[in-house]
Each structure stands twice: as C-alpha cells, then as structure tokens.
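S.K.: Take this structure, written in structure tokens, and hold onto it; I'll ask about it next.
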Amino acid sequence: MLQQIALKAGCSAATVSRALNKSGPVSERMARRVEKAALELGYRPDANPAAVQRMRHKPMIGVLIPSITNPVFAASLSNIQKRARVSGHGVIIAQSDYDLVREAEAIVDLVSERPVGLIMTLCDPQANGANLPKALPPTVLLHNLPTARFPASVAADNFLAGRELCTHMLDHHHTRILFVSGAFAASDRAKLRYDGYCAAMKQRGLVPNPALEVGFLNGYDELDLGQSLKLFKPTAIIASNDLLAFGVIGALRREGLTVPADISVAGFDGISLGRLIDPPLTTIEMADASMGAAAASLLIDMTENGSTPRHLNVPHSLRIGGTVRDIGNESFGPKSGNRLSKRSNFPT
C-alpha cells in the first residue's frame, strides 16, 4: 500500500512512511499530497498501529459548513461544540465557501486530522457525492437529506417549507411571485425550497417563474432586481434565505419601492435579525441550533455505541412578520409615488 500511495503522490515510499507516521522531516505541501493520495486509495490511518498510538487523547469531530459568517451555520456550529464538549470531544472546523472544489479539498483536510467522525453540510450530496473522497469515517449530514452513501442526517423538510411559504403568499392573493435564490449547484436546500414554491404555484393552476439565482458570497448590498422587476412584474418575492431577503429589501429600496406596500418579501431560516428590521420579516423558522446538537449526538452515538445511522427530521414553522400583505382585489404591480430614501442599502 505504501508503494501505491508513493506512486500516486509522486514521492518515495520512505517519504510516505514519514508523512503518515510523522516520524521525520516532510514538507507541509508533500504531507498533504501524501494524505490526499492515501485517502483516495482507501487507506485508513486508524488501521496503522503507529497512527493509533499517536492519536490525540481527546477524540475529534470534523465539521464542514459552507460559511461560518452565516448565522444559520454559526448557530449549528456553536451547539455542535457544546454537545461535543460534554462528551469529551474536540471539534475541527472547515468551510467550503459554497464551492464544490473547495468542498472536496476541505473534507480531505479534515480527514487528514483523523477525526472519529464528520458532520457535514454539503452543496448537494446527491449530485456531487461521487466527487468526494471514497474513504470517510462515520458521517452525519446536517441540513442535507440522507443519501445511499450518507444515511445519517439531520435536516428540515425544505420542500415542504417552500410550499408552505408560497401558499402563504397565495393566500394573500399574490399570483406573480418571484423566487430569488442562491445558486442551486451550491445549495440543495435552496433548490428544494424552490421546488416547493413551484408545487404550490402549480397546485393553484399558476405557472411558476424561473428562479433568479445569485452567488452566495458576493454580498447582497449590490443586488440588482431592476430587470427582473420589469420582466416579471412581481407583487411578491420569496428569497431562499433570510440574508438574501434582506438583500432583496435593500434592492427594492434602491428602486424606490417599499415593503410591503409595493412588494411583499419573505425568506427562510428565521434568524434573529429578521425580528429587528421594520417591519419584521415573514420567514420560515428553522431549528438551526437544536439541529447542530442533534447531529453531534447522533454522530457520537454512532461512533461510541455503534448505533444505526438514521435520519432525523426537524420541524419548521411559519413566522408571520410584517413584510407580506394581502393585496385582495387590488391591481397588480408596484404602487406609484412610494419613494424611499436611497441613502441606505439595508432596511431599518
């Protein structure tokens, strides 16, 4: 096996041995190449007695999230760490930045630290599972639905959440609803929420609009909705998460429109900041904090007690704020004459 790893990594078997056993001088770059090659070939460090002897006294859990700056993942991570601390585990954190290539690299980096297990939020485990390393320790998906490869997961029903939020808009007599989303390739959660929106529209005999996809990490303070407003003339906009909903509100303000007088807006996640804007954001509230704790408990149960991997479905709820109004029999389209100051890109 050492020779195979050496061939794949482009080094000698002696270098492989030093890198895996940390028994001699090896550059950091070469060590990463060796670890990546070993992982791709199915080599398990814990099968090496020397590696077992060298393992930390404190078992570690590897956690992969898209972005630590998103309050949703920050809340999950905080509770993963709290739960891990109670059971005597440490936590190693990596970010994917909603990027498929970086996601695979980050997982390799995590596994190189020899964690007892992983908790991962992936861009799309169904579509991109084949691109991930073949040899992984016990794994729990967080915010993703289970797959054949990863049967253990903790997630909300994002399809149902999308359908419920769109139905709320429809019940307020909105029929021209635009869905603004982060890139579907980077988030299966956003895609499922959009699918739920489409299902609700079709159930009422309406044709859903194509989603307007924007990048997750470009910032939403420069979001431009001008062309979409002209094309679709929406009376309501659903954003695939609350941070994007704030960006939508800011973009509408730059167009001189008010929320909800001209256009209604709603989001997903239920982050606390949504309660502080005026009017408060209508959103689907997710139990992000408890999801993190549940994922950590499930993983620890799997690694320490050999429990069967399973899926935990976490409930969500509609939090009605003031950003959606009933238009009844009013004429469609934004009202004229409602102008806001364009000095601020963020709702106050």
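Each step along the sequence shown adds one to the number in my numbering, with nothing skipped, and position 236 is 902.
All C-beta atoms in this analysis are idealised placements derived from N, C-alpha and C, irrespective of residue type, glycine included.
As the structure is a computational prediction, the values presented were derived from the model and not from experiment.
Please state the DSSP three-state secondary structure of Phe825.
M.R.: In the structure shown, Phe825 sits in a helix (DSSP, three-state: H, G or I).
S.K.: Pick out the complete alpha helix (DSSP H) segments inside the stretch 909-995, 4 residues or longer, and give them in chain order.
M.R.: Taking only runs of at least 4 residues, the alpha helix (DSSP H) segments lying wholly in the stretch 909-995 are 939-942 and 954-971.
S.K.: Which residues in the same chain as Asp790 place their Cβ atom closer than 6 Å to its Cβ, once the five residues preceding and following it in sequence are excluded?
M.R.: Contacts found: Asp854.
S.K.: How would you call Leu776, buried or exposed, if buried means at least 16 neighbouring beta carbons within 10 angstroms?
M.R.: Per the 10 Å Cβ criterion, buried.
S.K.: To the nearest angstrom, report how far apart Leu923 and Pro900 are at their CA atoms.
M.R.: Taking the straight line joining both Cα atoms gives about 12 Å.
S.K.: Who does Ser847 pair with in a DSSP beta bridge?
M.R.: The partner list for Ser847 (beta bridge, DSSP) reads Glu879.
S.K.: If distances are taken between C-alpha atoms only, which option among Ser963, Pro981 and Ile986 comes closest to Ala750?
M.R.: Among Ser963, Pro981 and Ile986, the Cα nearest to that of Ala750 is on Ser963.
S.K.: Just to confirm, is the Cβ distance from Ile937 to His982 under 7 Å?
M.R.: No; because the gap between Cβ atoms is not below 7 Å, this pair is not in contact.
S.K.: Looking at the strands, I want to know which residues DSSP matches up with Ile731.
M.R.: In the DSSP output, where bridge partners are listed per residue, Ile731 has Gln761.
S.K.: Assuming Glu769 contacts Met726 (C-beta within less than 8 Å), just tell me the rounded distance between them.
M.R.: Glu769 to Met726, Cβ: 20 Å. No contact.
S.K.: Which term fits Thr974, buried or exposed, when burial requires 16 or more other beta carbons within 10 angstroms of its beta carbon?
M.R.: The residue is exposed, with fewer than 16 neighbouring Cβ atoms inside 10 Å.
S.K.: So which of Asp935, Leu942, Ser693 and Asn875 has the shortest CA-CA distance to Ala955?
M.R.: Checking every option, the nearest Cα to that of Ala955 belongs to Asp935.
S.K.: Which first and last residues belong to the beta strand (DSSP E) in which Gly871 is found?
M.R.: Segment: none, Gly871 is in no beta strand (DSSP E) and carries neither H nor E.
S.K.: Just grab the DSSP bridge partners of Gly783 for me.
M.R.: Answer by DSSP bridge pairing, in chain order: Ile727.
S.K.: What would DSSP say about Thr841, mapped onto helix, strand or coil?
M.R.: Reduced to three states, the DSSP call for Thr841 is coil.
S.K.: Could you check what DSSP says for Thr805 in three-state terms: helix, strand or coil?
M.R.: Looking at Thr805 - three-state DSSP - the assignment turns out to be strand.
S.K.: Would you call the CB atoms of Glu879 and Ser847 closer than 7 Å?
M.R.: Cβ atoms of Glu879 and Ser847: closer than 7 Å.
S.K.: Over the uninterrupted beta strand (DSSP E) stretch that includes Ala905, give me the two end residues.
M.R.: Taken as a continuous stretch (DSSP letters only), the beta strand (DSSP E) holding Ala905 covers Ala902 to Ala905.
S.K.: Would Val692 pass as a contact of Ala703 if the rule is Cβ separation under 7 Å?
M.R.: No, the pair does not count as a contact, with Cβ atoms beyond the cut-off.
S.K.: Helix, strand or coil for Gly690? Go by DSSP, reduced to three states.
M.R.: Correct three-state label for Gly690: coil.
S.K.: I'd like to check one pair, Gly881 with Ala911: are the Cβ atoms closer than 7 Å?
M.R.: Their beta carbons are not under 7 Å apart, which means Ala911 does not touch Gly881 by this criterion.
S.K.: By a C-beta neighbour count over all protein chains shown, 10 Å radius and 16 as the cutoff for buried, is Lys688 buried or exposed?
M.R.: With fewer than 16 other Cβ atoms within 10 Å, it is exposed.
S.K.: Let's test the definition: count the other Cβ atoms within 10 Å of the Cβ of Arg722 and tell me whether it reaches 16, buried, or not, exposed.
M.R.: For Arg722, the pLDDT reaches just 42, beneath the cut-off of 50, and the residue's location in the model is therefore unreliable, although a value from the coordinates is still provided. By the neighbour-count rule (16 or more Cβ atoms within 10 Å), Arg722 is not buried but exposed.
S.K.: Leaving out five residues before and five after Leu811 in sequence, what residues of the same chain have Cβ atoms less than 7 Å from its Cβ?
M.R.: Excluding positions up to five away in sequence, the list reads Ser819 and Ala821.
S.K.: Which whole-angstrom value describes the C-beta separation of Thr948 and Gly913, a residue pair presumed to lie in contact below a C-beta threshold of 8 Å?
M.R.: Not a contact, Cβ separation roughly 16 Å.
S.K.: Can you look up Gly754 in the DSSP assignment and give me helix, strand or coil?
M.R.: Three-state DSSP puts Gly754 in coil, outside helix and strand.
S.K.: For Pro656 versus Met867, is the C-beta distance shorter than 7 Å?
M.R.: Because the chain in this structure spans residues 667 to 1014, residue 656 falls outside the shown range and cannot be described.
S.K.: Considering only their Cβ atoms, is the gap separating Leu836 from Asn1016 smaller than 7 Å?
M.R.: Absent from the model: residue 1016. The displayed extent of the chain is 667 to 1014, so no value can be given.
S.K.: Give the single residue among Phe850, Phe739 and Ile785 whose Cα lies nearest to the Cα of Ala905.
M.R.: Closest by alpha carbon: Phe850.
S.K.: With 16 as the cutoff for other CB atoms within 10 Å, does Ile734 come out buried or exposed?
M.R.: That one is exposed.
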